[in-house]
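Here's the structure, in structure tokens; my notes come after.
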Amino acid sequence: MTDTSNTNGTAPAATAQIVSSRWDTLDGHTLEGYKRSGSYRGYAGLEAALAMAPSQVTDQVRAATVLGRGGAGFPAGVKWGFCPPGVWPRYIVVNGDESEPGTYKDRILMERDPHQLIEGCVIAAYAIGAAQVFLYVRGEMAHAQERIAVALNEAYANNLVGRNIMGTDFSVDIVLHWGAGAYIVGEETALIESLEGNRGMPRLKPPYFPAAKGLHLKPTIVNNIETLSNLPWLLCNGVDAYKSYGSEASPGTRLIALSGHVKNPGVFEIPQGTTTFRELFYDERYGGGIRDGHALKMFIPGGASAPWFFPEQVDLPLEGRVVGAAGSMLGSGAIVVMDDSTDAVKACLRVVRFFARESCGKCSPCREGTSWEEKILQRIYDGYGRPSDLELLLDVADNISPGPYPVAADPANGVDAIPFPPRQTTICPLGPSSVAPITSALSRFRHEFEAKIVKRDLIPLGSH
Amino acid sequence: MSRLSEDNERLALEIIARYPRPKSATIPLCHLAQEQDGYLADDAMVHIAELVGISAAEVLGTASFYEMFKRKPVGKYLVNVCTNISCQLLGGEELLAHAEKTLGISAGATTADAMFTIEDVECIAACTEAPACQINYRYFHQVTNADFDEIITEIRSGRRTDLPAHGTLGMVRQHIAPDEVANITPPEQQSEPAWYAARNAAVATGGESK
Numbered sequence: 007m008t009d010t011s012n013t014n015g016t017a018p019a020a021t022a023q024i025v026s027s028r029w030d031t032l033d034g035h036t037l038e039g040y041k042r043s044g045s046y047r048g049y050a051g052l053e054a055a056l057a058m059a060p061s062q063v064t065d066q067v068r069a070a071t072v073l074g075r076g077g078a079g080f081p082a083g084v085k086w087g088f089c090p091p092g093v094w095p096r097y098i099v100v101n102g103d104e105s106e107p108g109t110y111k112d113r114i115l116m117e118r119d120p121h122q123l124i125e126g127c128v129i130a131a132y133a134i135g136a137a138q139v140f141l142y143v144r145g146e147m148a149h150a151q152e153r154i155a156v157a158l159n160e161a162y163a164n165n166l167v168g169r170n171i172m173g174t175d176f177s178v179d180i181v182l183h184w185g186a187g188a189y190i191v192g193e194e195t196a197l198i199e200s201l202e203g204n205r206g207m208p209r210l211k212p213p214y215f216p217a218a219k220g221l222h223l224k225p226t227i228v229n230n231i232e233t234l235s236n237l238p239w240l241l242c243n244g245v246d247a248y249k250s251y252g253s254e255a256s257p258g259t260r261l262i263a264l265s266g267h268v269k270n271p272g273v274f275e276i277p278q279g280t281t282t283f284r285e286l287f288y289d290e291r292y293g294g295g296i297r298d299g300h301a302l303k304m305f306i307p308g309g310a311s312a313p314w315f316f317p318e319q320v321d322l323p324l325e326g327r328v329v330g331a332a333g334s335m336l337g338s339g340a341i342v343v344m345d346d347s348t349d350a351v352k353a354c355l356r357v358v359r360f361f362a363r364e365s366c367g368k369c370s371p372c373r374e375g376t377s378w379e380e381k382i383l384q385r386i387y388d389g390y391g392r393p394s395d396l397e398l399l400l401d402v403a404d405n406i407s408p409g410p411y412p413v414a415a416d417p418a419n420g421v422d423a424i425p426f427p428p429r430q431t432t433i434c435p436l437g438p439s440s441v442a443p444i445t446s447a448l449s450r451f452r453h454e455f456e457a458k459i460v461k462r463d464l465i466p467l468g469s470h
Numbered sequence: 054m055s056r057l058s059e060d061n062e063r064l065a066l067e068i069i070a071r072y073p074r075p076k077s078a079t080i081p082l083c084h085l086a087q088e089q090d091g092y093l094a095d096d097a098m099v100h101i102a103e104l105v106g107i108s109a110a111e112v113l114g115t116a117s118f119y120e121m122f123k124r125k126p127v128g129k130y131l132v133n134v135c136t137n138i139s140c141q142l143l144g145g146e147e148l149l150a151h152a153e154k155t156l157g158i159s160a161g162a163t164t165a166d167a168m169f170t171i172e173d174v175e176c177i178a179a180c181t182e183a184p185a186c187q188i189n190y191r192y193f194h195q196v197t198n199a200d201f202d203e204i205i206t207e208i209r210s211g212r213r214t215d216l217p218a219h220g221t222l223g224m225v226r227q228h229i230a231p232d233e234v235a236n237i238t239p240p241e242q243q244s245e246p247a248w249y250a251a252r253n254a255a256v257a258t259g260g261e262s263k
């Protein structure tokens, strides 16, 4: 057992280390430790950035194809370019509301290397000309809040944030903001609503990007913690060095939280786009294989919102486009491995229950639909399912996400993959995400559902 | 029950000054009130409304959306057991059942001595360390039943001084001294930063960028 000291999370040996290089350094979270240890010298990236024009920093980030690590995988440099010219002020909101089930990477970055994140924020603020940066940290993460507060106080005292940063004419404020417990606030427009002091409900689109109208209806860039944590290393080592990791389409590295039924669960930094799920699950440097005496049954490749994959997908690389075409998504880098001891109905119910509990209530298909999905699944699981329930379940799901829902290919049954993303009748993807576990589990393990429904018919008459 | 104390009101004003508009401080101030009283009291919400310039109903409207704000007193220690998928696979539900048995209450309830409240919570981002729980938002990883009982015994005997009472989150706050603030004003008072225009222009004309 580890307690509040947080000694978990494994900085993998002999693999790429762009963002995880200080995880095992005891004082890596202090300014002194940040400057001394790690795969680059702390705040040297900011120094390099300040020697360039803001537009040149943006060009570098664009040239490196730094993909957003929050879920959608949108290139950060391109997103920055969406700020309409001549509209001021511009804001940066850092999304540290990590709460997608299975995801555990931003918390480590905040707890163990807060200065790396702060330096990334300052670089981004410089590149787009931001007036202010808001660092939105999930409310439940008390330790991360402490570490960032200490680091920010240090950074202000050392002229790394605030007025005349590093003695130049460049100034920007970073404000630490705590959330208060709401998964939906991870959606960028809900995040902005929450930051304005409102209920965290996603905004109606268009405008599609907060870069056009965000915080206080001003241009706002919302970036993930991991995305910004990549910037100091990139500015220190350059675009070519960054692109030497990973694949052409997805350069750099990625933090993957591997949880569930593997021998060695952990958070690993892997080259993006080239590592396969098989390597990740079975390689000794990573998962080390499925638990003894068990075989892989299914896995979630990108957080609870992602449709499930099955054993025949393990040779796919962790590359956004490939995984999307195969019917799922890499999402937030959260992989949950389930072995043959797992009850598909129970796992499906648990994930659906999460979405039902976290639906913000703004759109009726999601508000009503997710709770009906949960109720139907619960009665099936409890042995009180009705024969018509499976069709009813799919019908409710179809009201949230009409048409064929993305599923993985099933060669044994001649089923082709339906690519991600799904269609939706809701403002945000939360509701449609609740459909992922249902179609995934039903497409492959319908017999498990039917067995639970049939069970009820087998109760002998007169036994009540 | 109570409005913010004088000290906390001073802190509240410092927090409000960090935002372009005061209303943004609503959630941070609700945390402050909860830290003071252990829960979010009605009078505190009225006080917050006065400070940020909105109605008390708006504060309630915002606060009631977020599950961390407790509008009724809870135990001094809030025990949050994760039962989401990664924890469920490795015994999260069994841990919750054990916690309920140890404390003699079911999830959602508070012990008679007002020491503990148990909650069955969604993912707390400790998935690779399942099963996990939080006590007053401090993490406990790979918790066995014996571990859990030991922690509870330690708390009951007053040996866990590292766990502040419910309501306190980060024990260190960000402070920005007034003379260190770079540029915090309402959005309508903002324009293109002078340094930004100058530095980009220097490159456009082929000159030195610094």
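Heads up: the sequence lines are chains L and X, in that order. Okay, so the first sequence: first residue is 7 according to our numbering, each after it adds one. Okay, so the second sequence: first residue is 54 according to our numbering, each after it adds one. Think of the CB as a built atom: it goes at the ideal place given N, C-alpha and C, for glycine as much as any other residue.
Just the chain L side, please: which residues come within less than 8 Å of residue i by C-beta, in chain order?
i: residue 115(X); result: 203, 204 and 205
Can you tell me where the beta strand (DSSP E) with residue i in it begins and where it stops?
i: residue 173(X); result: 169-174
i: residue 230(L); result: 226-230
i: residue 63(X); result: Taken as a continuous stretch (DSSP letters only), residue 63(X) belongs to no beta strand (DSSP E), being part of the alpha helix (DSSP H) at 59-69.
i: residue 216(X); result: Run containing residue 216(X): none; DSSP gives neither H nor E here.
Alpha carbon to alpha carbon, what distance is there between residue j and residue i?
i: residue 324(L); j: residue 336(L); result: 7 Å
i: residue 457(L); j: residue 351(L); result: 10 Å
i: residue 63(L); j: residue 77(L); result: 24 Å
i: residue 13(L); j: residue 135(L); result: For residue 13(L), the pLDDT reaches just 41, beneath the cut-off of 50, and the residue's location in the model is therefore unreliable, leaving the point undetermined.
i: residue 228(X); j: residue 159(L); result: 6 Å
i: residue 80(L); j: residue 319(L); result: 24 Å
i: residue 84(X); j: residue 157(L); result: 21 Å
i: residue 436(L); j: residue 309(L); result: 12 Å
i: residue 267(X); j: residue 257(X); result: Outside the shown range of chain X, which is 54 to 263, sits residue 267(X), and nothing can be said about it.
i: residue 95(L); j: residue 224(L); result: 7 Å
i: residue 261(X); j: residue 428(L); result: Because residue 261(X) carries a pLDDT of 47, less than 50, the predicted location of this residue cannot be relied on, and the following value inherits that uncertainty. Going by the C-alpha atoms only, they are around 49 Å apart.
9 Å is my cut-off, CB to CB: does residue i come that close to chain L?
i: residue 86(X); result: no
i: residue 104(X); result: no
i: residue 122(X); result: yes
i: residue 263(X); result: In this prediction, residue 263(X) scores a pLDDT of 41, lower than 50, which makes its location untrustworthy; no coordinate-derived value is stated.
i: residue 208(X); result: no
i: residue 219(X); result: no
i: residue 228(X); result: yes
i: residue 79(X); result: yes
For a contact meaning CB atoms closer than 7 Å, what does residue i contact in chain L?
i: residue 253(X); result: 59, 60 and 61
i: residue 118(X); result: 188, 205 and 206
By the DSSP assignment, the alpha helix (DSSP H) with residue i in it spans what residues?
i: residue 201(X); result: 198-209
i: residue 245(L); result: 237-249
i: residue 248(X); result: 247-257
i: residue 222(X); result: Where residue 222(X) is concerned, there is no enclosing alpha helix (DSSP H), given that its DSSP letter is neither H nor E.
i: residue 188(X); result: Note, residue 188(X): premise wrong, no alpha helix (DSSP H); beta strand (DSSP E) at 186-188.
Anything in chain L within Cβ reach of residue i, meaning under 9 Å, just list it in chain order.
i: residue 76(X); result: 202, 203 and 204
i: residue 236(X); result: 95, 137, 138, 169, 177, 178 and 179
With 9 Å set as the bound, which would you pick, yes or no: does the beta-carbon of residue i sit closer than that to a beta-carbon of chain X?
i: residue 124(L); result: no
i: residue 287(L); result: no
i: residue 366(L); result: yes
i: residue 265(L); result: yes
i: residue 306(L); result: yes
i: residue 106(L); result: yes
i: residue 233(L); result: no
i: residue 373(L); result: no
i: residue 447(L); result: no
i: residue 319(L); result: no
i: residue 360(L); result: yes
If the cut is a Cβ gap below 8 Å, which residues of chain X does residue i touch?
i: residue 356(L); result: 136, 137, 138 and 141
i: residue 334(L); result: Under the 8 Å cutoff, chain X gives no residues; its nearest Cβ is about 15 Å from residue 334(L).
i: residue 340(L); result: 180
i: residue 184(L); result: 80, 81, 84, 222 and 223
Determine the chain X residues that contact residue i at a beta-carbon separation under 7 Å, and present them in chain order.
i: residue 95(L); result: 240 and 243
i: residue 110(L); result: 178, 179, 180 and 181
i: residue 194(L); result: None at all; the shortest Cβ gap to chain X is about 16 Å.
Whole alpha helix (DSSP H) elements within the stretch 321-381 of chain L, 4-residue minimum: Fully contained in the stretch 321-381 of chain L are the following alpha helix (DSSP H) runs of length 4 or more, in chain order: 326-331 and 350-364.
Whole beta strand (DSSP E) elements within the stretch 29-109 of chain L, 3-residue minimum: For the stretch 29-109 of chain L, whole beta strand (DSSP E) runs of length 3 or above, ordered along the chain, are 97-102.
Length-filtered (4 minimum) alpha helix (DSSP H) runs lying within the stretch 259-297 of chain L: Counting only runs of 4 or more, we get 283-288.
Continuous alpha helix (DSSP H) assignments of at least 4 residues falling wholly in the stretch 76-159 of chain X: Here the runs fully enclosed are 79-90, 95-105, 109-116, 138-142 and 145-156.
Inside the stretch 131-209 of chain L only - beta strand (DSSP E) runs reaching at least 3 residues: Runs of the beta strand (DSSP E) lying entirely within the stretch 131-209 of chain L and spanning at least 3 residues, in chain order: 138-143 and 179-184.
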